[in-house]
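Report on one structure; see the data block that follows.
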Amino acid sequence: METPYDIGNIPGPKMARVVTPEEFVKQFKKAKKPLLIVGSEISQEELRKRVEKLIDLGITTVATGGSIRYFVEDGYDEKVEVAVLHELTNMLLDENWKGFDGEGNYDFVIFLGITYYLASQMLSALKNFAPHIKTASIERYYHPNADISFKNQFKDEKFFQMVDEIIDKIGEE
Amino acid sequence: MKTKFNIEKFESQGISLKNLEIFIGEVIEEEDWEPMGPYPFPSATDLRDWDFKILKRYKPFYAPYDDTCSLCTLGKCDLTGNKKGACGIDLKATQGRIVLLACVVGTSAHVAHARHLYHDIVKRYGKDLPIDLGSEIEVEAPLTRLITGIRPKTVGDFEPVLEYIEEQLVQMADALHTGQEGSYLDFESKALHVGMLDSLGKEVADILQIVAFNFPKGDSDVHLVEMGIGTMSPERPTILVIGHNVPPALDIADYLIENGLEDKVDIAGICCTSLDITRYYPNAKIVAALSHQIKAIRSGLADVIVVDEQCIRADILEQARRVRAPLIATMDKALHGLKDRTNDDVDKIVEDLVSGKVDGVAILDSEKIGEVAVKVALKVHESRKDVKSLPSDEELKELVNKCIHCNRCTLACPQNLKISEANRIAKTGDLSKLRELYESCISCLRCEQVCPVNIPINDVIMKAAMPLIRNEKGKVRAGRGPIKDTEIRNVGAPIVLGTIPGIIAAIGCDNNPRGAKDVWLLVKEFLDRRFIVTVSGCAAINLGLYKDEDGETLYEKYPGEFDAGGLVNVGSCVANAHIHGAAIKVASIFARRKLRGNYDEIADYILNRVGACGVAWGAYSQKAASIATGFNRLGVPAVVGPHGVKYRRAYLGRRDREEDWTLYNARDGSEVRVEPAPEHLLVAAETIEEAIPLVAKLCMRPNDTPQGRQIKLTHYLDLSMKYLKKYPEDWYLFVRNEADLPLARKEELLKRLEDDYGWKIDWKTKRILEGPIRKVDPSFDPTNLERLIRK
Amino acid sequence: MAELPVEIGPMYEGERIRAKQMYVEFGGPKAIGAELVQARSMEEVEDGKIEIIGPDLNEMEEGGSYPLGILIEVAGKDIEKDLEGVIERRIHEFTNYIQGVMHLNQRDDIWIRISKEAYGKGLNSLKIIGEALLRLFKAELSFIEKMQITFYTDPKKVEEFVEFARNVYNERDARARTLSEEDVEEFYNCVLCQSFAPQHVCTITPDRISLCGAISWFDARAAARVDPHGPISRCEKGELLDPTVYEYSGVNEASKEKSGGAIQRVFLHSMFGYPHTSCGCFEALAFYIPEVDGIGIVDRDYTGDTPFGIPFSRMAGQAGGGVQVEGLVGMAIEYLRSPKFFIADGGIRRVVWMPSKVKEEVKDAIPEDLYDKIATEKDAVDLESLKKFLQEKGHPVVERWKEMEEEEVEEEIAEAETTQIAQIPAQVSGMTIPLGGGMKIILENAKIHIDKVIIRRKEKE
């Protein structure tokens, strides 16, 4: 069992299954309506450029935590949605939420680049009160509250490799 | 007053009395200051309707921190996925229960503090000590008047108020027991009730200390106080006071004054005790907020440490021992295993502490503490000169080189600081990364405990940050206490006209995600925009740490008045009650709403009219939970930082649900659909850049005049542009007609309304023809309460 | 519209530009300056034109102080001469909206500074300031159809301009002073304060400025033009029902409607009967002192005691909230200058007490022979010494005392549901048990056990 990134953060019997990029992509492809949520840590350019590749692949992406300003600088602001993560999670909990496109809620939500403990709590809310949604963390942190999660990565290079692998695999079609 | 009298025989016109015995248990002379409203001394159920009204719009949002429950022996129960435990409670209700528990604990801290002060003050000055806050304050205790219906004239008048709170608290604590409450909404209603009690308890505590110790009574130009670790002097004996209950520190100050030792011994404080001692003794220094407790001790500059109550490190004795500073515990709540020496001879206690025979003592009589602390400080100062606190340059190198980069520290760090990474770079001789950690590190010491090679990581970070620490010298304006009635009147017209766009209350602890500078940035931003900013507690302390381009702290730059661009430090945590008080006074002064026993009407008034927003960016404690919940019940929204989600519950509105946003017009009872203002009662943001526009948004209210809305919207849009580089998604919801639009961008925004939102614009007259949720109706009298409908 | 090199908005209003941050300054202590708005006919104004007569910013020396005249000419079918002053006063606010520009004072007393930072960003011409002003004025005051701005910086031209402007100010002031309720057809109602005090309705006439002192009849007129359905709206004067107290049928109707029926009648210039309501932001309070049969005035900046032995804050707690309170009426300090100041009650000659600061401020409005007879906090903060003072000085109200004693008439107080009588806090009086005839109470060997007796004063309706 992987150690939660914040070591005491053991929520209960249900903890995320650790997945490889390949397994993640498999799950992703099963989803009907995925949503990528990114947060303040995409201020790191190497990470942001990778997110932008995911956006270019057509994944609906929401900038939270004030990260929209980086997308504005990169000219990506028209391609992303903006929300406060707390508000967004609250809407995701509502099965009847109309979504950003007005056509309904999402079924697979991916967290990336969000302050660890904030993301952990939002994943907990989704785990416990949103049975209609599967959650995935492709963070450099192991997130026990997600359904599936990468394991902890302390080195940037390795983490970016995993994200790159995702980009490649999703783009393969 | 009990009375008994007998009448044997009495005959008069129309009355004949024989052997009449009259016993009167109590005679209360009720004053005619205001007719009594519907809810004096409300029980939890009295205001349940109000709670359910706000809970309907601001639904509790739960993020469990633990999916299990282990409160009774039926467990441990797995509640994952909102399952029910053995007792029948589901996960949602469990979260509500934990929120209530946090509020009960937090409120108990404030109320026990108030009760302790009450005993102390009655003992010293008697029950008849008058409550006089000066000629400019007529509404002396707004919360007490509002909640209990009492207008306190003397200290003794608070007795029934405290009794009421204590009784209610026990009732609410009872509801926590297994097999009691089962509905999350009822847990929330109780938590709101407890939050209200918290606000009341704080008011009692602060008014008591203001009148008993002659603290400032709402003066806007109170003195400035020195602050920062950098102001602690190695040359002079220093007594470090930590906690929230000021009498022991007062006794130390009195002893220094009586013995002419003000220049010989320093009092330095941490947390609210430091804020309160400086309201009395301007020579005292505020060392730092809570997160610097370990830093201040490990600096080795404190010769004696005196703790009272709340927010004290549980391992304080061990930490004090490490720097050979004798410890004095002064409150029954936090004894730290020390022997009670209250009845011992002063010189004997001093001798034992100075000789090192004991590490510390407990003294529960504040009148002895001053003498002991000062005498010990004077004696140990010399002998402590050889105390080795932080590592030398050479040792630092060695310590850093010991690191094996196992990352256990990083996994242990609640701030997720990349300590191992910083060490790696430090090995090359570059300390900059380690130094960067200083600002965000809260010195919790979790890292030190897991380090397999025993690096004192806190000290390593401190050593690397020495240049920063030496410069930690700032100024804080001492806590002024209440807001004057006359100040409320003065800001009336500017608030109506929008030139004061809102009132921001930056309060709470300093568990900040990336240091306190973020709070400084937020406060400065709103001060520059002519908002009124009130501060208290650790947030107030931390503001003193930073200087602008002119080398001035915000306290030096901005006036202390409750006015546009004024920075008002009310004081310690309990002084927060004056911020509630200011909002309540708006209702009583402008609308002449009756306060007495009339909580829901006033909360309704505040929610719909008073553009105030709390910011508790670094909230960590249970007290912060009860404080925020108390603001929420009164209709004041609050924004917390990302750690705030660990409180498990938020109150979030949904702007996309039209049905949630209707109000009555009290004039005729008609239902009016309104804009989502304020959208939330409690919400967390991830970064300060996200929080600043959010706070500006939460200052909007349905009653805004066009002038007011125009300026509020201007700030919302401008702050979004400044910090997020983009207009917010929801700005158009707040536009009622063209007069609401920011002047400098009017045409551009009209165009956007037409293009992006399909509104109809008459370009010739530049008027909006179609689109808004509603039109401006100057006579709209918004309310959520049926009983206030006049027709 | 072209982007300006600096930002514009209310967030720059509080901006202070100190000497060391300043690029140049205009007016102030070192140079002359003035600003003026003139209403013109449609043909006379070329919309959007900005002219600079004399050197522009980029031709000035850094750190210098220069003279400046700002002439704004406006035209529109709803624009009249009376609106000039209103438009002119917005120059201060709008200039301050410009990042890096500080504007102090008004008229021929202006002091403007441009910051080095703003100059560096490209604010190197007065044209840019003109551009910003044009944009803001036209966005805010929709009745301005055409607007042109002339900046005078040539010292000689400025001198002529200031001279001219001063004449205009004088004429304008003279008109404002003489304009009275009789000269106009309509008044204005302001319900801005209803956002906080839902029943309050301010009636603004040429003789009665709003209670907060911020909105004159001229201001209200301009605001009502911009947004006829906004919080400031036209109020028909109607018929003068009672020329003593100034009760107008139009004011009654408008107040009734705008207060949702709470207010039925208003006596504009009397403290009794149906006085004007009070909001919460009134600058001062007028209070009737029965013991001397005179009127006291206390403003909110005065922190000491009034002759009642209580301070403003305590007294103000009894007014406000859009309620009519006899003998306690909120007002602007400026109202003391009105020739109709509580004229029904004897006007300024009935005033017996006011804080010394206020007395000094309105010195020009107090008849010379009365000035020394009005007490201040220096003379009396209790009723006894006030009485003594008035007697010694021979204040006109002393005459009334004699009449009072002779006639011993009980003061008649109009009965009205919405009218409250000011109560100056007194001690609780004794309890009386009314017993009607024909009833007998007999209690024998009785025990009465009472847990709690609450003594409550009877509510006054």
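Protein chains in written order, with my numbering: chain D, 79 to 251; chain B, 39 to 829; chain E, -3 to 457. Every residue, glycine too, gets a C-beta built ideally from N, C-alpha and C.
Item, Value
"So, at 6 Å on beta carbons, what are the nonlocal neighbours of E/Pro51 in its own chain, with the 5 sequence-adjacent residues on each side left out?", "Thr149"
"For B/Thr132, count neighbouring C-beta atoms within 10 Å of its own C-beta (all shown protein chains included) and say buried if the count is 16 or more, exposed if not.", "buried"
"Nearest-angstrom Cα distance between B/Thr725 and B/Gly668?", "24 Å"
"Assuming B/Pro744 contacts B/Asp793 (C-beta within less than 8 Å), just tell me the rounded distance between them.", "Not a contact, Cβ separation roughly 23 Å."
"Should D/Ala203 be flagged as near chain B, meaning a C-beta pair shorter than 8 Å?", "yes"
"Please classify B/Gln487: does DSSP put it in a helix, a strand, or coil?", "helix"
"Which word fits B/Gln51, buried or exposed, when buried means at least 16 other C-beta atoms lie within 10 angstroms of its C-beta?", "exposed"
"Kindly indicate the opening and closing residues of the beta strand (DSSP E) around B/Asp304.", "Asp304 to Ile308"
"Quick check on E/Ala135 - is its C-beta less than 8 Å from some C-beta in chain B?", "yes"
"Considering only residues of the same chain and omitting the five flanking positions on each side of B/Ala577, which have a CB-CB separation below 6 Å?", "Ala544, Ile545, Gly546 and Val557"
"I want to verify the contact list: residues of chain B whose CB lies under 7 Å from the CB of D/Gly276, in sequence order.", "As shown, chain D starts at 79 and ends at 251. That puts residue 276 of chain D outside it, with no answer to give."
"Assuming E/Thr302 contacts E/Met311 under a Cβ cut-off of 8 Å, what Cβ separation, rounded to an integer in Å, is found between them?", "6 Å"
"If you follow the alpha helix (DSSP H) that B/Ser81 is part of, which residue opens it and which one closes it?", "B/Ser81 -> no alpha helix (DSSP H), and no H or E assigned at all."
"Counting only Cβ pairs nearer than 7 Å, list the residues of chain E close to B/Leu55.", "Leu439"
"Could you tell me which residues DSSP pairs with B/Asp116 in its beta bridges?", "B/Thr106"
"First and last residue of the alpha helix (DSSP H) that includes B/Lys406?", "Ser404 to Ser421"
"Just the Cα atoms here: how many angstroms apart are D/Gly153 and E/His225?", "43 Å"
"Would B/Asn822 be called buried (16 or more neighbouring beta carbons within 10 Å of its own) or exposed?", "buried"
"B/Tyr100 CB to nearest chain D CB: under 8 Å?", "yes"
"Going straight from the alpha carbon of E/Pro25 to that of E/Lys152, what length do you get?", "18 Å"
"For E/Asp297, which of helix, strand or coil comes out of DSSP?", "coil"
"Among the candidates B/Asp346, B/Val529 and B/Ile248, whose CA atom is the shortest distance from the CA of B/His374?", "B/Asp346"
"If the criterion is Cβ atoms closer than 8 Å, does the pair E/Gly96 and E/Ile83 meet it?", "no"
"For B/Ile827, which residues from the same chain have a beta carbon less than 7 Å from its beta carbon, with the 5 sequence-adjacent residues on both sides left out?", "Tyr702, Ala704 and Gly707"
"Output needed in chain order: residues of the stretch 690 to 707 of chain B with a Cβ under 8 Å from some Cβ in chain D.", "Leu690, Arg692 and Asp694"
"To the nearest angstrom, how far is it from the Cα of E/Asn441 to the Cα of B/Asp84?", "41 Å"
"Which chain B residues are close to E/Leu132, counting only those with a beta carbon under 7 Å from its beta carbon?", "Leu781 and Ala782"
"Tell me which same chain residues have a C-beta within less than 7 Å of the C-beta of E/Ile94, skipping the five on either side of it?", "Val2, Ile4, Tyr8, Ile125 and Ala128"
"Going by DSSP, what residue range makes up the alpha helix (DSSP H) through E/His445?", "Looking at the DSSP string, E/His445 is not in any alpha helix (DSSP H); the run it does join, the beta strand (DSSP E), is Lys443 to Ile446."
"At what residue ranges does the stretch 117 to 158 of chain E contain a whole run of the alpha helix (DSSP H), taking only runs of 4 or more?", "122 to 136"
"My understanding is that B/Asp742 touches E/Ser191, with C-beta atoms under 8 Å, so please give their C-beta distance in whole angstroms.", "7 Å"
"Tell me which same chain residues have a C-beta within less than 7 Å of the C-beta of D/Ile137, skipping the five on either side of it?", "Pro112 and Leu114"
"Going by the beta-carbon positions, is the gap between E/Lys142 and E/Met38 smaller than 8 Å?", "yes"
"Excluding the 5 residues flanking B/Tyr318 on each side, which residues of the same chain have their C-beta closer than 7 Å to its C-beta?", "Phe251, Phe253, Leu288 and Ala291"
"With distances taken between CB atoms, is the gap from E/Arg103 to E/Val70 smaller than 8 Å?", "no"
"For chain B, find out if any of its Cβ atoms is closer than 8 Å to the Cβ of D/Glu92; answer yes or no.", "Note that residue 92 of chain D corresponds to Lys in the displayed sequence, not to Glu. Cβ-Cβ to chain B under 8 Å: yes for D/Lys92."
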